[in-house]
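Inspection log for the structure reproduced underneath, given as structure tokens.
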Amino acid sequence: MAVLIKGKDLSTKIVEKIRHEVLNYDKKPTLVVIIVGNNPASQIYVSKKKHTAELTGFNSRVIELEESISQKDLEKQIEILNQDKNVNGILVQIPLPKHINTYNIIEKILPEKDVDGFHPINIGRLAIGLKPYAVSCTPQGIIKLLEENNIEIEGKHAVIIGRSNIVGKPLSYLLLNRNATVTVCHSKTKNLSDVCSQADILVAAVGIPKFVKSEWVKEGAIVIDVGINRMENNKLIGDIDFEEVEKKAGYITPVPGGVGPMTIAMLLSNTLELFKLQNKLEA
Ligand code: NDP
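All residue numbers for the sequence shown refer to this note's numbering, where the first residue is 2 and numbers rise by one.
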């Protein structure tokens, strides 16, 4: 039976450490989240981020904008936040409405305030092995989970299913920078189950409930489930067939309580780091 990697426990520890550190500063780190329209899932994520940020002693503001906002007006809003010395981190909740060019919006955020680590400068720095201002939260959370559980990355074959700009690609850079051999799979990958069965570290970031079956998993593999799929009964299910795979894997993350809480902890950690950088405090 696999060892359960409990992201919830580690995230609580990290958030508590951040809360203590923030008590030492005269000013509080400030995180501003922009939400456009009323996507219910986005609203839940944003209110969770705001709530945890406040519990941690941060200033947190949510700017709610109409679904019909123009690209230009949204960019203007970001420009105001870029200029505001009291704002340390800016996060634009995605997905954005279809008429908005998401890449241009992300590019508008100052890299020094890009708390999600999605700006091309931050992704680019990560890709070439330089320190970005911020590393994408979910991939960074996954690395912390591996490190906390003393799982060696170097020399391992890591297979990631999913090549999104927010999970799969940045995670591939983080693992490669730590000397893993990385394979990134996607919807056009042939013989996916065979590729997965070669993984020492298998990460699923697909968005299909119970997509990864136990036959795809090597005995003793480390299995990380990024997927968050809300079922009709409101239950959250990951991309891994947890009940079957946990009998075969060496380590496994649960859903909920695995990668999800780490994403929020990393968001706060990034906000704190950017705050310290901007205020020339010991980073
Ligand atoms: P995207 O939809 O952006 O990407 C999904 C990826 O899965 C794509 O690369 C896609 O391939 C690939 N894919 C889809 N179908 C298949 C298939 N049949 N075989 C192989 N690959 C396939 O998703 P995200 O990366 O944004 O999110 C993935 C999941 O992780 C979602 O459930 C999301 O809710 C969750 N998530 C969880 C977070 C957390 O904090 N735990 C944070 C972010 C996301 P292609 O590129 O070819 O289309």
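We put the beta carbon where it would ideally sit given N, CA and C, even for glycine.
Handout entry: Helix, strand or coil at G261 according to DSSP, with G and I counted as helix
Key = Position 260 of the sequence shown, counted from the start, is the residue given in the question as residue 261. Note: G261 maps to helix in three-state DSSP.
Exercise for the section: Just jot down, in chain order, the residues whose CB lies closer than 5 angstroms to any heavy atom of ligand 1. Expected result: T139, G163, R164, S165, V168, H187, S188, A206, V207, G208, V227, G228, I229, V260, G261 and T264
Exercise for the section: Taking the CB atoms as reference points, tell me whether C138 and D115 lie closer together than 8 angstroms. Expected result: Here residue 138 refers to the residue found at position 137 of the sequence shown. Here residue 115 refers to the residue found at position 114 of the sequence shown. In this structure, D115 does not lie closer than 8 angstroms to C138 by Cβ.
Handout entry: Euclidean distance between Cα positions of C186 and E108
Key = Counting from 1 along the sequence shown, the entry for residue 186 is found at position 185. Counting from 1 along the sequence shown, the entry for residue 108 is found at position 107. Taking the straight line from one Cα to the other gives about 26 angstroms.
Problem - Inter-stretch contact at 8 angstroms, needing at least 3 Cβ pairs: the region 20-37 / the region 78-87 - result: yes
Problem - Identity of the residues DSSP links to T182 by a beta bridge - result: Sequence index remark: in the sequence shown, residue 182 carries index 181 (1-based). In the DSSP output, where bridge partners are listed per residue, T182 has H158.
Practice task
Give a single yes or no on whether C138 has its beta carbon closer than 7 angstroms to a heavy atom of ligand 2.
Solution key: As presented, the structure is devoid of ligand 2, carrying ligand 1 as its sole ligands.
Practice task
For R126, count neighbouring Cβ atoms within 10 angstroms of its own Cβ and tell me buried if that reaches 16, exposed if not.
Solution key: Indexing the sequence shown from 1 puts residue 126 at position 125. With 16 or more other Cβ atoms within 10 Å, it is buried.
Practice task
Pick out whichever of S69, N87, V88 and I229 has its Cα sitting closest to the Cα of Y46.
Solution key: Position 45 of the sequence shown holds residue 46. Considering only alpha carbons, the answer is I229.
Handout entry: Buried versus exposed call for L172 [16 or more other C-beta atoms within 10 Å across all chains shown]
Key = The residue given as residue 172 occupies position 171 in the sequence shown. When all chains shown are included, L172 counts as buried.
Handout entry: Other residues of its chain near E68: CB distance less than 8 angstroms, five sequence neighbours each side excluded
Key = Reading the sequence shown from its first residue, position 67 is the one you call residue 68. Taken in chain order, the residues that qualify are V37, G38, N39 and P98.
Handout entry: Host beta strand (DSSP E) of D195 (start-end)
Key = As a working note, residue 195 is residue 194 in the sequence shown. Element bounds for D195: not the beta strand (DSSP E) but the alpha helix (DSSP H), L193 to C197.
Practice task
Could you tell me how far apart the beta carbons of I154 and L176 are, in whole angstroms, since I believe they sit closer than 8 angstroms?
Solution key: Position 153 of the sequence shown holds residue 154. Position 175 of the sequence shown holds residue 176. Yes, they are in contact, since the Cβ atoms of I154 and L176 sit about 6 angstroms apart, within 8 angstroms.
Exercise for the section: Spatial neighbours of I101 within its chain, please: CB distance less than 6 angstroms, with the 5 preceding and 5 following residues excluded, ordered by chain position. Expected result: Within the sequence shown, residue 101 is the residue found at index 100, counting from 1. Q72.
Practice task
May I have the straight-line CA-CA distance separating T103 from I95, to the nearest angstrom?
Solution key: If you number the sequence shown from 1, residue 103 lands on position 102. If you number the sequence shown from 1, residue 95 lands on position 94. When rounded, the distance between both Cα atoms is 8 angstroms.
Practice task
Let me know the secondary structure DSSP gives L282 once reduced to three states.
Solution key: The sequence position of residue 282 within the sequence shown is 281, counting from 1. Three-state DSSP puts L282 in coil, outside helix and strand.
Problem - At least three beta-carbon pairs within less than 8 angstroms, the region 8-24 to the region 128-147 - result: yes
Problem - Option in I19, F243 and L273 with minimal Cα separation from P255 - result: In the sequence shown, residue 255 corresponds to position 254, counting from 1. Restricting attention to I19, F243 and L273, the CA atom closest to the CA of P255 is found in F243.
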